[in-house]
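Everything on this sheet refers to the single structure shown next.
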Amino acid sequence: MKDFREVLLAPVVSEKSYGLLDENKYTFLVAPDANKTEIKIAVEKVFGVKVHTFW
Numbered sequence: 001m002k003d004f005r006e007v008l009l010a011p012v013v014s015e016k017s018y019g020l021l022d023e024n025k026y027t028f029l030v031a032p033d034a035n036k037t038e039i040k041i042a043v044e045k046v047f048g049v050k051v052h053t054f055w
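Structural data, given as structure tokens:
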């Protein structure tokens, strides 16, 4: 398993992503070879939250 710093590269800061904050939706650039499970684990570890759904 990868370190979370290798999975979550940077937050996406744009007008659209800023609008999603009201819906508690956050956007990140992720490593191209990261799978959904690795992304979920990285988000849960970094932010101390439970990911309910992800695409």
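Residue 15 in my numbering sits at position 15 of the sequence shown; the count goes up by one each step and never skips.
We treat Cβ as the ideally placed atom computed from N, Cα and C, and that holds for glycine.
Beta bridge counterpart(s) of residue i as assigned by DSSP
| i | result |
| --- | --- |
| residue 21 | The partner list for residue 21 (beta bridge, DSSP) is empty, contrary to what the question assumes. |
| residue 10 | 29 |
Residue i versus the options, residue with shortest Cα-Cα distance
| i | options | result |
| --- | --- | --- |
| residue 9 | 15, 3, 19, 30 | 30 |
| residue 40 | 12, 15, 50 | 50 |
| residue 4 | 21, 36, 15 | 36 |
| residue 14 | 24, 42, 28 | 28 |
is_contact[residue i, chain C] using C-beta, thresh 7 angstroms
| i | result |
| --- | --- |
| residue 33 | This model lacks chain C altogether, as it is built from one protein chain only. |
CB-CB length for residue i against residue j, believed under 8 angstroms
| i | j | result |
| --- | --- | --- |
| residue 56 | residue 38 | The chain is shown from 1 up to 55; residue 56 falls before or after that span and cannot be answered. |
Residue environment, residue i, which counts as buried when at least 16 other CB atoms sit within 10 Å
| i | result |
| --- | --- |
| residue 46 | exposed |
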